[in-house]
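Participant: Got a structure for you, written out below as C-alpha cells; questions coming shortly.
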Amino acid sequence: GIHCMKQDLATSITSGSAITINVNNVTVEMNDFKLGGLGGGVNTSATGIYAYNRQNLTIRNGTIRGFAQNVKLEGAQI
31 GIHCMKQDLA
41 TSITSGSAIT
51 INVNNVTVEM
61 NDFKLGGLGG
71 GVNTSATGIY
81 AYNRQNLTIR
91 NGTIRGFAQN
101 VKLEGAQI
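Letter by letter, the sequence shown follows residues 31 to 108 in the numbering used here.
If you want it as C-alpha cells, here you go:
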C-alpha cells in the first residue's frame with residue numbers, strides 16, 4: 031500500500047529503526063517532509079527506514095538524515 035507522511039518526524043532513538051517495513055509492495059510517500067534522527071547524537075546506531083527481505087519498495091519525496099544509516103534494505107532481491 032501507499033503510506034503518506036503528514037508532518038515531519040523527529041526521533042532521539044539510538045538503536046533500532048524509526049520506520050520498519052514488514053510487508054512487500056509498499057510506497058512511503060514523504061510529501062516533502064523530513065525524517066530526522068539528529069536527536070540520537072553522533073554515536074547513534076539507529077536506522078531511519080529499515081526493511082528485511084522485502085520486495086517492491088519505494089521511498090520518495092522527502093529527506094532522511096541524522097541516522098547511522100538513513101535507509102537500510104537487507105536480504106531483498108532488488
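Just so you know, even glycine gets a beta-carbon here, dropped at the ideal spot from N, CA and C.
Remember, it's a predicted structure, so these values are computed and weren't measured experimentally.
1) Would DSSP call Gly69 helix, strand or coil?
2) Please name the residue or residues paired with Thr93 in a DSSP beta bridge.
3) Could you tell me how far apart the beta carbons of Ile49 and Gly67 are, in whole angstroms, since I believe they sit closer than 8 angstroms?
4) Quick check on Ile32: buried or exposed, where buried means 16 or more other Cβ atoms within 10 Å of its Cβ?
5) Starting from the C-beta of Cys34, find all residues in its chain whose C-beta is less than 7 angstroms away, skip the five residues before and the five after it, and write them out in chain order.
Facilitator: Taking the definition as stated:
1) helix
2) In the DSSP assignment, Thr93 is bridged to Lys64.
3) Between Gly67 and Ile49 the Cβ distance is about 11 angstroms, and since that is not below 8 angstroms, they are no contact.
4) Result: exposed.
5) Glu59 and Asn61
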